[in-house]
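Student:
Number of protein chains: 2
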Amino acid sequence: MQQLIELLLQYSPLTKQQIELIGSKTEIRKLKTGDYFSEAGRTANEVGFVTQGIFRVCYYSKDGNEITRYFIDENNFLVDLNSYTYQIPSSEYIQAVTDVELVVFKRKDLTDIANTIVGWDKITNQITTKAFLDKVNRISPMLAEDATTRYKKFLDQFPKLALRIPLSYLASYLGITQQSLSRIRKNIS
Amino acid sequence: MQQLIELLLQYSPLTKQQIELIGSKTEIRKLKTGDYFSEAGRTANEVGFVTQGIFRVCYYSKDGNEITRYFIDENNFLVDLNSYTYQIPSSEYIQAVTDVELVVFKRKDLTDIANTIVGWDKITNQITTKAFLDKVNRISPMLAEDATTRYKKFLDQFPKLALRIPLSYLASYLGITQQSLSRIRKNIS
DNA sequence: TTCACTTTTTACCATTTGGTAAATGTTTTG
DNA sequence: CAAAACATTTACCAAATGGTAAAAAGTGAA
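Chains as they are written, first to last, in the numbering used here: chain A, 95 to 283; chain B, 95 to 283.
1. Taking residue 142 of chain B as part of the beta strand (DSSP E), name the residues at either end of that continuous run.
2. With distance defined between alpha-carbon atoms, name the residue in A:155, A:204 and A:211 nearest to residue 237 of chain B.
3. Nearest by alpha-carbon distance to residue 225 of chain B: which of B:172, B:250 and B:263 is it?
4. Quick one: list the residues of chain A neighbouring residue 236 of chain B, beta-carbon separation under 7 Å, in chain order.
5. What does the Cβ neighbour count give for residue 209 of chain A, buried or exposed, with the cut at 16 atoms within 10 Å?
6. For a test of the three-state rule: what should DSSP assign to residue 109 of chain A, helix, strand or coil?
7. Measuring straight from C-alpha to C-alpha, what distance separates residue 137 of chain B and residue 180 of chain B?
8. Could you tell me if residue 205 of chain B is buried or exposed, where buried requires 16 or more neighbouring beta carbons within 10 angstroms of its beta carbon?
9. Reducing DSSP to helix, strand and coil, say where residue 265 of chain B ends up.
10. Could you name each continuous alpha helix (DSSP H) segment of 4 residues or more that falls completely within the region 199 to 273 of chain B, going from the start of the chain to the end?
11. Straight-line CA distance for residue 279 of chain B to residue 162 of chain B?
12. Could you tell me whether the region 248 to 264 of chain B touches the region 249 to 258 of chain A, where touching means 3 or more Cβ pairs closer than 8 Å?
13. What did DSSP end up calling residue 124 of chain B once you bin it into helix, strand or coil?
14. Report the neighbours of residue 163 of chain A on chain B: residues whose CB is nearer than 7 Å to its CB, in chain order.
15. For residue 211 of chain B, count the other beta carbons within 10 Å of its own beta carbon; 16 or more makes it buried, fewer makes it exposed. Which is it?
16. Buried or exposed: residue 240 of chain A, going by 16 or more other Cβ atoms within 10 Å of its Cβ?
17. Give the DSSP-derived three-state secondary structure of residue 277 of chain A in the structure shown.
18. Looking at the structure shown, is residue 181 of chain A part of a helix, part of a strand, or coil, going by DSSP?
19. Which residues, taken in chain order from the region 195 to 224 of chain A, show a beta carbon closer than 7 Å to some beta carbon of chain B?
20. Does the region 145 to 152 of chain A come within contact of the region 188 to 202 of chain A, defined as at least 3 CB pairs closer than 8 Å?
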């Protein structure tokens, strides 16, 4: 919770009452490795803020393969944005890759907060923008590089993670097969 | 201008005064193929709304190759978001791929608008979110597919464009060499 | 038109990656 | 512990892509 407040304060000052309001509208949730934060087919109505651990956002491709679109780690917000924003059933799911801890906002409570705290929209605007930039800047250059370089970049971004998650998650994130990733690992070391 | 107002009205009603305010704070600009909307090294302080034509957002890779990150077409906002948001010199540039026409907001005027129109932040929030989703949903699945599939997807998204722009722009967007794209084109037809 | 210039195509071979399958390692469960 | 289930590595060959270079096609200007 503390982590969340600190992050919010970076964007805008908040009064004690406002901080209390936010605290009263949230729930602390703990999940184990493999648990789901949101599932395909359902409509998302929660936003999470990750305080501990790592999630992955995935979907099934046409040929039935599970593909990891990206990873979300500490101090980032977690939401199936497409489903949450347009209130449509999701085509993807969000799963805990490690044991995790997060702060959860329900849709209704977020609306209440937005209607109560003046300037809240401005804060979420900035947070959304930052998340957007992070994600696009991370994914976009990857296309132009070969798999080995992509793997090395991943190691830079998530140094602790690479060896703790199943190879298959990482391979699909990098856009290659498990076998190729295994080969690349071998060649690097 | 009409196009811009119509788009804004999809998100929230606006009074005549508000619409006039927006009109008074904007400039219509026309550029020729090859002209720049923003340049590397400079700090962006304008936001555009494309009413006609197509832009591309590019940068130079370490080995000096020009890489097209993405294309922006009609009815979308155009901004070097990283530079504009954090007021830092840009590492990329935005160039007209066709003759274009756009509505331009200066940073200062956008601030004025945000301070005058109640709910403006909410509108920009929604627009940013949509742009974010469009972009990520477009780029993200590309890694998992081979170059031929990526090219076909591009044809779906920009059917008129593929044959009107230099092969090199498109090849770098798809993450392959010109030669490979030429070969792929040949094999498809 | 012709010439210079740019863009696109083609060709060749080296390298990377994919697909299939099997072998090895690791974890979980009874 | 042993068996089963799952994850990773390895091997083999096919297919896709890159790199270099040259030919062909297209474009614009004198």
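Idealized CB from N, CA, C, for every residue including glycine.
Tutor: Answer, in terms of the structure:
1. For residue 142 of chain B, the enclosing beta strand (DSSP E) begins and ends at 140 to 146.
2. Of the listed residues, the one whose Cα sits closest to residue 237 of chain B is A:155.
3. B:172
4. Within chain A, the residues placing a beta-carbon under 7 Å from that of residue 236 of chain B are 237, ordered along the chain.
5. Residue 209 of chain A sits exposed, since fewer than 16 C-beta atoms from the chains shown fall within 10 Å of its C-beta.
6. coil
7. 9 Å
8. exposed
9. helix
10. 201 to 210, 214 to 233, 241 to 251 and 261 to 268
11. 19 Å
12. no
13. In the structure shown, the three-state DSSP call for residue 124 of chain B is strand.
14. Counting only Cβ-Cβ distances below 7 Å, residue 163 of chain A has contacts in chain B at 234, in chain order.
15. buried
16. exposed
17. Three-state DSSP puts residue 277 of chain A in a helix.
18. coil
19. 215, 216, 218, 219, 222 and 223
20. yes
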